[in-house]
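Counting with this note's numbering, you get residues 5 to 824 for the letters of the sequence shown.
In what follows, a structure is listed as C-alpha cells, so that the remarks can point back to it.
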Amino acid sequence: ASFNRFSETHIAFLDQLTESIGIVINTIEANTRTERLLIQSQSLAGELQSQQDEMKKTNERLEQQALTLSESEERLRTHQEELRQTNEELQEKAIQLARQNAEVEGKNREVEEARWAMEEKAEQLALTSKYKSEFLANMSHELRTPLNSILILSRQLADNADGNLNGKQVQFADTIQSSGADLLSLINDILDLSKIESGMMAIEVGATPFAEISEHLNRSFHQVAVDKGLEFTIDVAANLPPVINTDHKRLQQILKNLLSNAFKFTERGHVSLNIKAAERRGNYSHESLNQADQVIAFSVSDTGIGIPAEKQRVIFEAFQQADGTTSRKYGGTGLGLSISREIARLIGGEIRVASAPGEGSTFTLYLPRDYRVTVPESAEQTEAVDELVTPGEGRPDTVEPTLYSDDYGEIIEIADDRDEIKPGDRVALIVEDDALFAQILLDLARERGFKGVVASQGGAALRLARRYKPAAITLDIRLPDRDGWTVLDRLKHDPKTSHIPVHVITAYDREVQPRGLGALTCLRKPVTREQLVAAFDQIAEFSQREVKRLLVVENDDAQRARVVDLIGDGDVQTTAVATGEEALTELRNQRFDCMALDLNLPDISGFELIDKIQREMGQPDLPIIVYNGGNLSEEEEARLRTAAGAMVVKEANSPERLMAETALFLHRVEAGLPEPKREMLEQSLRRYPSLQGSKVLIVDDDARNVFALTSALETYGIEVLHAENGREGIEMLDKNPDVDVVLMDIMMPEMDGYETMQAVRRIERFKNLPIIALTAKAMKADRNKCIEAGASDYIAKPLDMDQLLSMLRVWLYRLKAAGV
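Dropping the structure here:
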C-alpha cells in the first residue's frame, strides 16, 4: 500500500513535475514567441520609423507640391483671365474680319469685273491693232502702186534716152522723181512708226567709225548748205574712240532728220554737228545711258528760227510742229522728230532740245558708246561641212561667230575686216549666207593676202561692192533675199563694179553657165580645201595682173585694124591674126583671157575653130565673142547655141557690143578708158540686146502701173502684153504661148496673183515659164509666200527698174541656155 501510495505520490509528483515542465516549456515557448514578436515588433518599428521618415519627406514634398499647385492655380486663374480677355478681343476681330472678308469679296467681284473689262478691251485693242496693221499694209499698197508709176515714168523721162528733152524738162523729170522719193520716204516713216509701236522694229548693232559718220553726213548735206548759203561744219572730238557700237542705220536716220530740220528752219548763219563725249552722270531718262561706261553726244546746232519753250515738248509728238497752223511757212509732216525720239529710245539713247525764238536750236542725241542687244540664236542648224575639209585636217570647230549688223540691215555672223580696211588693201567681198562656210572663205582670203568683207544678202552685196570696190568677189547663188544670178548680172551691168572678177561657188548652176553672165570662174559645192585654195590663188593672180590678153581672129585687114583700135591697148594686150590656124598656134603658145572671132575665115570656119578650141586645145573656159556685122542665119544661131552649151560663146553684132562684151570678160575698169570709149561702153550697157524681141505679159489691174511698165520695157525692144486680172492672164497665155516672162501683180480682184500663179503652174506647158511676182507688201515672208505659190522670182514695189531688168536678163538667158 505504501508502495502504491509512494507510487501514486511519485506518479502524482511526476505528473506535477511533468505539468511543471510542460508549463516551463510552454513558458519558454511563449517567451520565445514573445522574443520573436519583440524582434518582429522592433523590426516593424524600424520599418514604421523608416516609413514615417519617408511619409514625412513625402508630406514635405506634397506640401511643396501643394504650394506649387497653389501658385500654378493662381497663374492659371491669371491666364484664364487673360485668355478670356483675348477671346473677347478675338471675337471682336473675327467680327471685323468677317466684315473685311465681305468687303474683299466685293472687291474681288469688282476686280473680276474689271479683268473681264480689261480682257474685252485687250481683245478690242488686238482687233484694232489687226485692223491698223491691215490698214497700213493696204495703205502702203495703195500709195506704192501709183508711186510706182511716178518713179518709173519720171526715171524714164530723166534718162532722156531719145535725147528729145531739153535741160529744163529733164530737170522737171528729176524733180518729179525726187518728189516721188520723198513720198516713198513718208510712207516708210509711217510704217516705221507702226513698227515701233508694235515692237517690230529690229535693232542691229555693229561697230561704226565716227569718221565714216562724219564723211557720210558731209556728203549728204554739203550741197544743201551751198544751195542755201549756210556754213556747215562737222566737228569730231579728238579724244573719242575710233568707233561707236550702235545701230548704224538708225543713227544715220536720226542725225539726217535732225540736220534736215536744222537746214529747213535756218535762213542765214550756220548749221553744225558736234560729236563728243558727254558727262558720265547726266541724270538720263534711259537706264542704259546711266549705266554706260561712256556716253556720246551728237549735237546739231543752227541759227534758225528757234522754238518757244511751250512748244519744245509738242514737237516730238507725231504730226506736230512748233507752228501747226495751215499758214505756217515751213512744210513737213511732223513725223521726223517723233520717229527720231522713238528710235533713240530703241537704241538706248535720248534726245534733248535747247532753243529760244530767234536764237536757233540745239538738238542733242545721247547714245551709249557700247550698246548691245541680245540676238536670238537661229533655230536653223548650219549644214555639215565635212566635204569642205580634206582628210586629216578635222572640222573647223574653233569658229565662234560674232553677231553684228552691216550698214544695210542684214545680220552678219562673221567678224570680218570691214573696220580695218586701209587705202591700198586688197579686199575680197564674200557673199555667202552659210556662216560656217563664209568663215572658211574669210580665213582663206586672209591667208592669200586679202582683207575680207562678208555679206549674207544680195542687196547688201551690191552696196558693199560699190562702197569697198573689192579686188575680187566670191558669190553664192542661193541667197535669202534674191537670186544670186541677178546679183551677178547687176554687178556686171554697173560700170563701177563690172570690172571686178567674180568667182561663183554654188550647188545651183545646172541651168545657168556662170561664165556666160560674166563670172571669172565657178566651183560647184561641195568643194575641198584644195579647190578653194586654187580658186583664191587664181583670183589673186588675176586681180594682180594689170594687163589682160585678147586674141582677135579676123581675116579682113581693115576690119582687123578697126577691132584692134576699138579695143585699144594699155590695159589690154591684143594679138590679132587672120586665120584659124594662126589662132590655134597662138592659143598653143599662150593663154588668153578672151577671143573676138569673125566666123568667116579663109581656112576653116569659125564654128570649126570653136570646136577645135573646145576639144583639142583644152581651153573650154575661154570666152569667145562672135563678131559679125550682119545677123546670123537660124542655122548659125543654132550652131552657136550648141557651142554655147559647153563653153562661153556670145554674139556681138555692133562695135559697141563688141566693146562691151570684151570689156566684160577682160574685166576692164571703165574709169581707166578714154572718154569716147567710156561713153560707148556706158551706152552699150544701157541697151541690153538680150531683151530685144522678147515678149512679156503684165498681169495687173492698175492701168497706171501697166502704162508705166509698158513704156519702160518697150524702150528696150520688149513686146508687152497686158491682162487686167488673173483669169484674163491665163486666157492671154493660152492665146500667146510664146510669152517669155510674166510680171504678176499680187493684189488683184477676183483672182489674186497667188491663185493665178498656182493655176498657171497646173498647166503643163507653163510649168517652167518664168513668173516674176510684183507686190507692194514688202514684208520678210512675202518673198517665200510668192515662191511657194509658183513665182520664179519676186520684186517689191515701188519697182527698182535696174533690179527688174536684171531679173528679165537672167531669166531670158536661162531660157536661151535651155534652148527654149
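Using N, Cα and C, we set each Cβ at its ideal position, and we do this for glycine too.
Cβ-based neighbour list, P741, same chain, cut-off 7 Å, excluding 5 preceding and 5 following
If you number the sequence shown from 1, residue 741 lands on position 737. Non-local C-beta neighbours of P741 in its own chain, meaning closer than 7 Å and more than five positions away in sequence, comprise R769, ordered along the chain.
Just to confirm the assignment: which complete alpha helix (DSSP H) runs, minimum length 4, are found wholly within the region 460 to 515?
Counting whole runs of 4 or more residues, the region 460 to 515 contains the alpha helix (DSSP H) stretches 462 to 472, 488 to 497.
Boundaries of the beta strand (DSSP E) in which S305 is found, first to last residue:
In the sequence shown, residue 305 corresponds to position 301, counting from 1. Secondary structure note for S305: its beta strand (DSSP E) is the uninterrupted segment 299 to 306.
Where the alpha helix (DSSP H) containing K315 begins and where it ends:
Within the sequence shown, numbered from 1, the residue matching residue 315 stands at position 311. Careful: K315 lies outside any alpha helix (DSSP H) and carries neither H nor E.
How should D251 be labelled, buried or exposed, when 16 other C-beta atoms within 10 angstroms of its C-beta is the threshold for buried?
Translated into positions along the sequence shown, residue 251 becomes position 247. When all chains shown are included, D251 counts as buried.
If you count every other CB in all the chains shown that lies within 10 Å of the CB of H503, and 16 or more means buried, which is it?
For the purposes of this step, residue 503 is taken as the residue at position 499 of the sequence shown. H503 should be labelled buried.
Please return the same chain residues whose Cβ sits closer than 6 Å to the Cβ of V814, not counting the five positions on each side in sequence.
Residue mapping note: residue 814 aligns to position 810 of the sequence shown, counting from 1. Result list for V814: W489, T490, D493, in chain order.
R356 versus S365 - alpha carbon distance
Mapped onto the sequence shown, residue 356 falls at position 352. Mapped onto the sequence shown, residue 365 falls at position 361. Each residue's alpha carbon lies about 11 Å from the other.
Is the number of C-beta pairs between the region 747 to 756 and the region 703 to 711 that are closer than 8 Å three or more?
By the criterion of at least three beta-carbon pairs nearer than 8 Å, the region 747 to 756 is in contact with the region 703 to 711.
With distance defined between alpha-carbon atoms, name the residue in L819, D797, K801 nearest to M811.
Reading the sequence shown from its first residue, position 807 is the one you call residue 811. Of the candidates L819, D797, K801, the one whose C-alpha sits nearest the C-alpha of M811 is D797.
How many whole angstroms separate the CB atoms of P802 and L151, which I take to be in contact at a CB cut-off of 8 Å?
Stepping through the sequence shown from its first residue, residue 802 is reached at position 798. Stepping through the sequence shown from its first residue, residue 151 is reached at position 147. The Cβ separation is near 5 Å, so the contact holds.
Boundaries (first-last residue) of the alpha helix (DSSP H) holding H252:
Against the sequence shown, residue 252 aligns to sequence position 248. Counting along the chain, the alpha helix (DSSP H) containing H252 begins and ends at 252 to 268.
Residues that R528 bridges to, as DSSP identifies them:
Against the sequence shown, residue 528 aligns to sequence position 524. Partner(s): T510.
Go through its chain and collect everything with a Cβ distance to I597's Cβ below 6 Å, but skip five positions before and after it.
In the sequence shown, residue 597 corresponds to position 593, counting from 1. Per the sequence presented here, residue 597 reads as Asp, with Ile not at that position. For D597, where only same-chain residues beyond five positions count, the Cβ hits under 6 Å are K552, R553, L670.
How would you write the range of the alpha helix (DSSP H) that G610 sits in, first residue to last?
If you number the sequence shown from 1, residue 610 lands on position 606. Looking at the DSSP string, the run of the alpha helix (DSSP H) that includes G610 is 610 to 619.
Between the C-alpha atoms of S24 and L42, what's the straight-line distance to the nearest angstrom?
Locating residue 24 in the sequence shown gives position 20, counting from the first residue. Locating residue 42 in the sequence shown gives position 38, counting from the first residue. Our two residues, S24 and L42, have alpha carbons roughly 25 Å apart in a direct line.
Which of the three DSSP states is assigned to R549 in this structure?
Taking the first residue of the sequence shown as position 1, residue 549 is located at position 545. Reduced to three states, the DSSP call for R549 is coil.
Name, in chain order, the residues that DSSP records as bridge partners for P372.
Here residue 372 is taken as the residue at index 368 of the sequence shown, counted from 1. Answer is V299, bridged to P372.
Comparing C-alpha positions only, which one of Q173, A177, V431, D166 sits nearest to L155?
Position 151 of the sequence shown, counted from the start, is the residue given in the question as residue 155. Minimum Cα-Cα distance from L155 among the listed residues Q173, A177, V431, D166 corresponds to A177.
Which residue from K681, I722, N287, F267 puts its Cα closest to that of T237?
Position 233 of the sequence shown, counting from 1, holds the residue named residue 237. Cα-wise, what sits closest to T237 is F267.
Quick check: the region 210 to 229 against the region 261 to 278, are there 3 or more CB pairs under 8 Å?
Contact holds: three or more Cβ-Cβ distances are below 8 Å.
Helix, strand or coil, according to DSSP, for L80 in the structure here?
The residue given as residue 80 occupies position 76 in the sequence shown. Collapsing the DSSP output to three states places L80 in a helix.
Please classify K426: does DSSP put it in a helix, a strand, or coil?
If you number the sequence shown from 1, residue 426 lands on position 422. K426 falls in the coil class under three-state DSSP.
From L147 to G184, what distance separates their C-alpha atoms?
Within the sequence shown, residue 147 is the residue found at index 143, counting from 1. Within the sequence shown, residue 184 is the residue found at index 180, counting from 1. Rounded to the nearest angstrom, the two C-alpha atoms are 11 Å apart.
Determine the direct distance from the alpha carbon of I477 to that of Q548, and round the result to whole angstroms.
By one-based count along the sequence shown, residue 548 stands at place 544. By one-based count along the sequence shown, residue 477 stands at place 473. Approximately 14 Å between the Cα atoms of the pair.
Backbone secondary structure at P678 - three-state DSSP
The sequence position of residue 678 within the sequence shown is 674, counting from 1. P678 falls in the coil class under three-state DSSP.
Closest by CA to A828, which one among K426, A469, I207?
Past the boundaries of the shown model lies residue 828; the chain is included only from 5 to 824, so the question cannot be answered.
If you draw a straight line from the C-alpha of L737 to the C-alpha of G794, how long is it?
Counting from 1 along the sequence shown, the entry for residue 737 is found at position 733. Counting from 1 along the sequence shown, the entry for residue 794 is found at position 790. Each residue's CA atom was taken as its position, placing L737 and G794 some 16 Å apart.
How close, in whole Å, do the beta carbons of T583 and N559 come, if the pair is a contact with beta carbons under 8 Å?
Position 579 of the sequence shown holds residue 583. Position 555 of the sequence shown holds residue 559. 7 Å between Cβ atoms; contact.
Can you tell me where the beta strand (DSSP E) holding Q577 begins and where it ends?
The residue you call residue 577 lines up with position 573 of the sequence shown. Per DSSP, Q577 belongs to the beta strand (DSSP E) from 576 to 581.
Could you name the residues that DSSP lists as bridge partners for A777?
Here residue 777 refers to the residue found at position 773 of the sequence shown. DSSP output for A777 lists M748, Y798 as bridge partner(s).
Could you have a look at D239 and say whether DSSP puts it in helix, strand or coil?
As a working note, residue 239 is residue 235 in the sequence shown. DSSP places D239 in strand when its eight states are reduced to three.
Taking just the CA atoms, how far does E346 sit from L440?
The residue labelled residue 440 in the question sits at position 436 within the sequence shown. The residue labelled residue 346 in the question sits at position 342 within the sequence shown. Linking L440 to E346 through their CA atoms gives a straight-line distance of about 36 Å.
Are the beta-carbon atoms belonging to N287 and S344 less than 8 Å from one another?
Taking the first residue of the sequence shown as position 1, residue 287 is located at position 283. Taking the first residue of the sequence shown as position 1, residue 344 is located at position 340. Against a cut-off of 8 Å, the Cβ pair of S344 and N287 comes out as no contact.
Exposed or buried, what is N3 when buried is set at 16 or more other beta-carbons lying within 10 Å of its beta-carbon?
In the structure displayed, the chain extends from 5 to 824; residue 3 sits before or after that span and is not available.
Do D575 and R672 have their beta-carbon atoms positioned less than 8 Å apart in this structure?
Within the sequence shown, residue 672 is the residue found at index 668, counting from 1. Within the sequence shown, residue 575 is the residue found at index 571, counting from 1. Against a cut-off of 8 Å, the Cβ pair of D575 and R672 comes out as a contact.
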